[in-house]
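S.K.: One structure, pasted below without further comment.
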Amino acid sequence: MPTPKVQNATVRRLKSISPFWLLPIVALIIGLALFARILDEQGESITIYFSNGAGITADKTPIRYQGLQIGVVKKVKFTEDLKRIMVTASINPEAKTVLREHTKFWLVRPSASLAGISGLDALVSGNYITLAPGGGDSADEFIAESEGPMAQMDEGDILIHLLADNLGSISAGASVNYRKIPVGSISDYRFLEDQKKVQIDVVINKSYSHLVKKDSRFWNSSGLQTDISLSGISVDMDSITSLVIGGVSFDSPENSPSAVNGESYTLYQDEKSAQRGIEVDITLPNIRGLKINSTPLYYQNFKIGTLAALDAQAENKDNSVHGKLLVDENIGNLLRSDSQIVINENSLNADNLNNLEKLLAGPYFTLIAGSDGNSTPKTDFTVLTQSELLLSLPKTLIIKLTAPETYNVNVGQGVLYNGIRIGEIAQRTVSIEGVEFKIAIAEEYRDLIYADTKFIAASNLNVNIGVDGIQFEAAAPEKWLQGGIRILANKHGKGEALTQYPLYKDLSSAESGITGDNLQPAITLHSAVLPGIENGSLVLYKQFPVGQIISVQPTDKDFKIEVFINSQYRNLLTDRSKFWSESAAQVDISPKGVNIQAAPIMRTLKGAISFENFGAANKNTRLYSNETAARSVGNEITLTSSDAKDLSHGMPIRYMGITIGEVVSIEIDKSQQRIVSKALIQPNYYALISKKGSRFQLISPQISAGAIANLDSLLQPYINVEVGGGEISKTFRLNKEISNASKFANGIPLILETSSAFNLTEGSPVQYRGIEVGLVQKMTLDELGDRVLVDIIIGNKYKHLVRQNSEFWITSGYSFGFGLQGFAFETGSVQQFLKGGISFGTPSGQVVQPAAKAKQRFLLQQKLPEDSKFWNQGAY
Numbered sequence: 001m002p003t004p005k006v007q008n009a010t011v012r013r014l015k016s017i018s019p020f021w022l023l024p025i026v027a028l029i030i031g032l033a034l035f036a037r038i039l040d041e042q043g044e045s046i047t048i049y050f051s052n053g054a055g056i057t058a059d060k061t062p063i064r065y066q067g068l069q070i071g072v073v074k075k076v077k078f079t080e081d082l083k084r085i086m087v088t089a090s091i092n093p094e095a096k097t098v099l100r101e102h103t104k105f106w107l108v109r110p111s112a113s114l115a116g117i118s119g120l121d122a123l124v125s126g127n128y129i130t131l132a133p134g135g136g137d138s139a140d141e142f143i144a145e146s147e148g149p150m151a152q153m154d155e156g157d158i159l160i161h162l163l164a165d166n167l168g169s170i171s172a173g174a175s176v177n178y179r180k181i182p183v184g185s186i187s188d189y190r191f192l193e194d195q196k197k198v199q200i201d202v203v204i205n206k207s208y209s210h211l212v213k214k215d216s217r218f219w220n221s222s223g224l225q226t227d228i229s230l231s232g233i234s235v236d237m238d239s240i241t242s243l244v245i246g247g248v249s250f251d252s253p254e255n256s257p258s259a260v261n262g263e264s265y266t267l268y269q270d271e272k273s274a275q276r277g278i279e280v281d282i283t284l285p286n287i288r289g290l291k292i293n294s295t296p297l298y299y300q301n302f303k304i305g306t307l308a309a310l311d312a313q314a315e316n317k318d319n320s321v322h323g324k325l326l327v328d329e330n331i332g333n334l335l336r337s338d339s340q341i342v343i344n345e346n347s348l349n350a351d352n353l354n355n356l357e358k359l360l361a362g363p364y365f366t367l368i369a370g371s372d373g374n375s376t377p378k379t380d381f382t383v384l385t386q387s388e389l390l391l392s393l394p395k396t397l398i399i400k401l402t403a404p405e406t407y408n409v410n411v412g413q414g415v416l417y418n419g420i421r422i423g424e425i426a427q428r429t430v431s432i433e434g435v436e437f438k439i440a441i442a443e444e445y446r447d448l449i450y451a452d453t454k455f456i457a458a459s460n461l462n463v464n465i466g467v468d469g470i471q472f473e474a475a476a477p478e479k480w481l482q483g484g485i486r487i488l489a490n491k492h493g494k495g496e497a498l499t500q501y502p503l504y505k506d507l508s509s510a511e512s513g514i515t516g517d518n519l520q521p522a523i524t525l526h527s528a529v530l531p532g533i534e535n536g537s538l539v540l541y542k543q544f545p546v547g548q549i550i551s552v553q554p555t556d557k558d559f560k561i562e563v564f565i566n567s568q569y570r571n572l573l574t575d576r577s578k579f580w581s582e583s584a585a586q587v588d589i590s591p592k593g594v595n596i597q598a599a600p601i602m603r604t605l606k607g608a609i610s611f612e613n614f615g616a617a618n619k620n621t622r623l624y625s626n627e628t629a630a631r632s633v634g635n636e637i638t639l640t641s642s643d644a645k646d647l648s649h650g651m652p653i654r655y656m657g658i659t660i661g662e663v664v665s666i667e668i669d670k671s672q673q674r675i676v677s678k679a680l681i682q683p684n685y686y687a688l689i690s691k692k693g694s695r696f697q698l699i700s701p702q703i704s705a706g707a708i709a710n711l712d713s714l715l716q717p718y719i720n721v722e723v724g725g726g727e728i729s730k731t732f733r734l735n736k737e738i739s740n741a742s743k744f745a746n747g748i749p750l751i752l753e754t755s756s757a758f759n760l761t762e763g764s765p766v767q768y769r770g771i772e773v774g775l776v777q778k779m780t781l782d783e784l785g786d787r788v789l790v791d792i793i794i795g796n797k798y799k800h801l802v803r804q805n806s807e808f809w810i811t812s813g814y815s816f817g818f819g820l821q822g823f824a825f826e827t828g829s830v831q832q833f834l835k836g837g838i839s840f841g842t843p844s845g846q847v848v849q850p851a852a853k854a855k856q857r858f859l860l861q862q863k864l865p866e867d868s869k870f871w872n873q874g875a876y
């Protein structure tokens, strides 16, 4: 193979660059490096618009971020419209990444407020601009905030949002506490887009971020939380700062997962509202006093929940509203389909004094757990009132009570039997006709109720003030506030329980059968004159009170008197009942003394009437003036007299000192010019008195110089009766009473004739030997008027002393004689001196004449006969 042809290499020497050119190259590189460094150090130029330029100075005011300066203000000037300040600033290159669309700038200056002191570093170094990085694209123009946030987020901090109906007293910078330790602060707040809620931004420090859980609950802890109860006054306050600028607290369940940044929570009004529990939907009556987060729920006197919500605006046609109860989770097993929730309205009574917390808390709920093993869990209930619960219980005895007024008896009060509560007042209905109560008697006590059972309003403290004094009807002090209704125990009750009974005001009303203030009369009486009675006067039966007067009214003819008799005594009222007025006192004046029988003060002040059953059955409705008049009904006599002197209505008629009747009327008989009096005689004396020959004499006090007679008639004259022996008669002559009339009543009458009566008067004595044996009955003129006829009467035991030849003369009571032997002065009695008198004697020495005849006439001489001193029978 041919060998290739090899050419020879030519070696040439290259020309090198001159070292002179290295210097410009190095200088260029250095210059470029310096330019690049200058550009790098010059940073990013941005523009920030402020509302005013106070505190901002070009080439002096720094821009800081997290305590380090990242830029400086280069230029400060107005915008073209002079409305804002345009600040041109340079930002260090390493901080360019924070320049985003949503980055916020603001000026920091020293300030102090209730929320705290901010910008303290600016007090030393001067004002500066700071920023909060935001998202978005890169930007070089920004609008500064008027104020920066009070709290700024650091790495690891979490931001959460609270939603509330209103901001309340919370302000930016307010503390957020966990178990009263500050763990964060309020960063900002704003309206949501619909402006129905307020969103509050909260920054939790990274050291405590683990405390916020998914199920955490936040509440407003601003201001004072006070609780005033019988235990004292409790004041809860997180801090002075929270009192002024507000604050938020929260708690977290242990088993809940941790919260994430941006989580939203509900901000509750207070700690009570934030409580956890089982929510129970309820429909309840719209009653007053319900308070959200305050009205409690009790189970066997233990508080197990509260009213969490109440929709008062959603009121139904049946006056019910909807709400929610927050119930302790530990008793959730009691919320069953056969359980019931009852609402109770408190009143001041002895039952609630044992639980003053309930009393002061207003209405409260009670859970009644069911006992049916087949029941199912339930979280919605219709709340019953206490009365609805009682009326729904099986085998409960339901009774209706009626009354004219409430008597302070209220729903919820007890029904007591011998002090033991056996039932309760379930309903009270008020109408024009009165008040109706429905009471529920427990099954085990229903056998205590009979047809004649009486129910009484148990006010337990009644005070009545009247003429009887002050009357108290009081129960034991511990029962004064108990109220309710009590049952009058009756061991001998009869009949099965009724469905309706009256409710009595008090014990006395129950015993009297008085069911109201408007009493119904048992009988209406009539009286010609107004007796001494009034409304409320007593009605007596054999001096025992059995009723009262309820009305006294005048009519055209008389007075109408309505009488109420207590129900238990109405059997005493019959067709034979007679009524009469009771006098305040009975006075009997006799020679033995004065006997006064006074009625009790109560009867004296109020008046009283009495009744008893006697006589024929005639339904007599007349009210008699006294018992005598009542007992003498139908036994009437007539008395006639010449005048009515000393006569009076009601004047008693006596027989042997015993009152047997009275005068009931006095009238003028115009035809015969006389007085006709009607008198009633008691039945057991009527047959004895109403006979011909009975003598009726008017007895009145006789006062004379010689004596005082008939003292027993000093207060009231009376008519004395001397019984005759003839046939039955009803009309008698009433004789005017004369002195010693009873002594000489059946004597012999004589007539004396004289020319002048001198000092004689009716009642002047007729004497024999100085002994009074008769008296002057009357004096009249004869028909011609020329002489005086003196009617005298001589007592029966002395009539034999008067003979047909006896002589009568006037004795003036004194005599005076004068002669050669001297003078003689003789006096009689003082009575003779004042009233005059008559003496008589019979001449001696003759045959004894026969006794004088009745109505025989004698001459009445003016002076003592001359020869009378020689009469053996004597002149005196």
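Here the numbering used here is used: the first residue of the sequence shown is 1, the next is one more, and so on.
Heads up, the beta-carbon is just placed ideally off N, CA and C, and yes, glycines get one too.
For the candidate residues 715, 719, 485, whose alpha-carbon lies nearest to that of residue 644?
M.R.: Here the question's residue 644 lines up with position 644 in the sequence shown. Ranking 715, 719, 485 by Cα distance to residue 644 puts 719 first.
S.K.: With H, G and I counted as helix, E and B as strand and the rest as coil, what does DSSP make of residue 407?
M.R.: Locating residue 407 in the sequence shown gives position 407, counting from the first residue. Three-state DSSP puts residue 407 in coil, outside helix and strand.
S.K.: List the residues that DSSP assigns as beta-bridge partners of residue 145.
M.R.: Residue numbering aside, residue 145 sits at position 145 when the sequence shown is read from its first letter. Beta-bridge pairing links residue 145 to 106.
S.K.: Please determine, among 128, 868, 51, 101, the residue with the shortest C-alpha to C-alpha distance to residue 89.
M.R.: Start at 1 with the first residue of the sequence shown, and residue 89 comes out as number 89. Residue 128 is the option with its Cα nearest to residue 89.
S.K.: By alpha-carbon positions, which one of 807, 677, 217 ends up nearest to residue 751?
M.R.: If you number the sequence shown from 1, residue 751 lands on position 751. Nearest option by C-alpha distance: 807.
S.K.: Cutting at 8 Å between CB atoms, please list the residues of its own chain near residue 867, excluding the five before and the five after it.
M.R.: Position 867 of the sequence shown, counting from 1, holds the residue named residue 867. So the list reads 843, once near-sequence residues are dropped.
S.K.: So is residue 333 buried or exposed if we call it buried at 16+ other beta carbons inside 10 Å?
M.R.: Against the sequence shown, residue 333 aligns to sequence position 333. By the neighbour-count rule (16 or more Cβ atoms within 10 Å), residue 333 is not buried but exposed.
S.K.: How many Å lie between residue 170 and residue 198 at the Cα?
M.R.: Start at 1 with the first residue of the sequence shown, and residue 170 comes out as number 170. Start at 1 with the first residue of the sequence shown, and residue 198 comes out as number 198. Approximately 11 Å, taken between the alpha carbons.
S.K.: How should residue 510 be labelled, buried or exposed, when 16 other C-beta atoms within 10 angstroms of its C-beta is the threshold for buried?
M.R.: Taking the sequence shown and counting its residues from 1, the one referred to as residue 510 is at position 510. The residue is buried, with at least 16 neighbouring Cβ atoms inside 10 Å.
S.K.: Look up residue 523 in the DSSP assignment and say whether it is helix, strand or coil.
M.R.: As a working mapping, residue 523 is identified with position 523 in the sequence shown. It is a strand residue.
S.K.: Looking at C-alpha atoms only, which residue of 248, 702, 796 is the closest neighbour of residue 180?
M.R.: Translated into the one-based positions of the sequence shown, residue 180 becomes position 180. Nearest C-alpha to residue 180: 248.
S.K.: Counting only runs of 3+ residues fully inside the segment 837-870, write out the beta strand (DSSP E) ranges in chain order.
M.R.: 837-841, 857-861, all fully within the segment 837-870.
S.K.: Measuring CA to CA, which of 681, 769, 395 is closest to residue 446?
M.R.: As a position in the sequence shown, residue 446 is number 446, starting the count at 1. Among 681, 769, 395, the Cα nearest to that of residue 446 is on 395.
S.K.: Nearest by alpha-carbon distance to residue 109: which of 154, 84, 63, 97 is it?
M.R.: Locating residue 109 in the sequence shown gives position 109, where the first residue counts as 1. Of the candidates 154, 84, 63, 97, the one whose C-alpha sits nearest the C-alpha of residue 109 is 63.
S.K.: Alpha carbon to alpha carbon, how far is residue 525 from residue 560?
M.R.: As a working note, residue 525 is residue 525 in the sequence shown. As a working note, residue 560 is residue 560 in the sequence shown. About 6 Å.
S.K.: May I ask you to list the residues that DSSP assigns as paired with residue 86?
M.R.: Looking up residue 86 in the sequence shown gives position 86. Residue 86 is bridged to 49, 77.
S.K.: Is the beta carbon of residue 504 less than 7 Å from the beta carbon of residue 456?
M.R.: Stepping through the sequence shown from its first residue, residue 504 is reached at position 504. Stepping through the sequence shown from its first residue, residue 456 is reached at position 456. Against a cut-off of 7 Å, the Cβ pair of residue 456 and residue 504 comes out as a contact.
S.K.: Could you tell me whether the Cβ atoms of residue 680 and residue 636 are closer together than 7 Å?
M.R.: Reading the sequence shown from its first residue, position 680 is the one you call residue 680. Reading the sequence shown from its first residue, position 636 is the one you call residue 636. Result yes, Cβ atoms of residue 680 and residue 636 sit closer than 7 Å.
S.K.: When the Cα atoms are used, what is the spatial distance from residue 371 to residue 341?
M.R.: Locating residue 371 in the sequence shown gives position 371, counting from the first residue. Locating residue 341 in the sequence shown gives position 341, counting from the first residue. Distance between the alpha carbons of residue 371 and residue 341: 14 Å.
S.K.: With distance defined between alpha-carbon atoms, name the residue in 507, 373, 383, 759 nearest to residue 343.
M.R.: For the purposes of this step, residue 343 is taken as the residue at position 343 of the sequence shown. For the residues 507, 373, 383, 759, the minimum Cα distance to residue 343 belongs to 383.
S.K.: Tell me whether residue 34 sits in a helix, a strand or coil according to DSSP, three-state version.
M.R.: On the sequence shown, position 34 is the one that residue 34 refers to. Here residue 34 sits in helix by DSSP.
S.K.: Could you tell me the distance, in whole angstroms, from the CA atom of residue 695 to the CA atom of residue 735?
M.R.: As a working note, residue 695 is residue 695 in the sequence shown. As a working note, residue 735 is residue 735 in the sequence shown. Distance between the alpha carbons of residue 695 and residue 735: 8 Å.
S.K.: Buried or exposed: residue 26, going by 16 or more other Cβ atoms within 10 Å of its Cβ?
M.R.: By 1-based counting over the sequence shown, the position of residue 26 is 26. Residue 26 comes out exposed.
S.K.: For the alpha helix (DSSP H) that residue 688 lies in, which residues bound it at each end?
M.R.: The residue you call residue 688 lines up with position 688 of the sequence shown. Its alpha helix (DSSP H) spans residues 683-689.
S.K.: One question on the structure: do residue 531 and residue 583 come within less than 7 Å of each other, judged by their Cβ atoms?
M.R.: Residue numbering aside, residue 531 sits at position 531 when the sequence shown is read from its first letter. Residue numbering aside, residue 583 sits at position 583 when the sequence shown is read from its first letter. No, the pair does not count as a contact, with Cβ atoms beyond the cut-off.
S.K.: From what residue to what residue does the beta strand (DSSP E) around residue 101 run?
M.R.: Looking up residue 101 in the sequence shown gives position 101. Note, residue 101: premise wrong, no beta strand (DSSP E); not H, not E.
S.K.: Is residue 649 helix, strand or coil by DSSP?
M.R.: Position 649 of the sequence shown, counted from the start, is the residue given in the question as residue 649. Coil at residue 649, not helix or strand.
S.K.: What three-state label does DSSP hand residue 492 in the structure shown?
M.R.: Taking the first residue of the sequence shown as position 1, residue 492 is located at position 492. In this structure, residue 492 counts as coil in the three-state DSSP scheme.
S.K.: Among 137, 386, 9, 376, whose alpha-carbon lies nearest the alpha-carbon of residue 367?
M.R.: One-based indexing of the sequence shown puts residue 367 at position 367. Of 137, 386, 9, 376, the residue nearest in Cα terms is 386.
S.K.: Roughly how many angstroms separate the alpha carbons of residue 408 and residue 685, rounded to a whole number?
M.R.: In the sequence shown, counting from the first residue as 1, residue 408 sits at position 408. In the sequence shown, counting from the first residue as 1, residue 685 sits at position 685. For residue 408 and residue 685, the distance between alpha carbons rounds to 58 Å.
S.K.: Apart from the five residues on each side of it in sequence, which residues of its chain come closer than 7 Å, Cβ to Cβ, to residue 743?
M.R.: Position 743 of the sequence shown, counted from the first residue, corresponds to residue 743. These residues qualify, in order along the chain: 795.
S.K.: Within 8 Å, do at least three Cβ pairs link the segment 492-506 to the segment 401-415?
M.R.: Enough Cβ pairs lie closer than 8 Å, so yes.
S.K.: For residue 569, I'd like the list of residues in its chain whose CB is within less than 8 Å of its CB, leaving aside the five on either flank, ordered along the chain.
M.R.: Within the sequence shown, numbered from 1, the residue matching residue 569 stands at position 569. Closer than 8 Å at Cβ, skipping near neighbours: 541, 546, 547.
S.K.: Need the endpoints of the beta strand (DSSP E) that residue 155 sits in, please.
M.R.: To locate residue 155, count along the sequence shown from 1; it is residue 155. Here residue 155 belongs to no beta strand (DSSP E), and DSSP marks it neither H nor E.
S.K.: Provide the residue(s) that pair with residue 417 in DSSP beta bridges, ordered along the chain.
M.R.: Locating residue 417 in the sequence shown gives position 417, where the first residue counts as 1. Paired residues: 420, 487.
S.K.: With contact counted as at least three CB pairs below 8 Å, one residue from each stretch, are the segment 184-194 and the segment 136-144 in contact?
M.R.: No, the segment 184-194 does not touch the segment 136-144.
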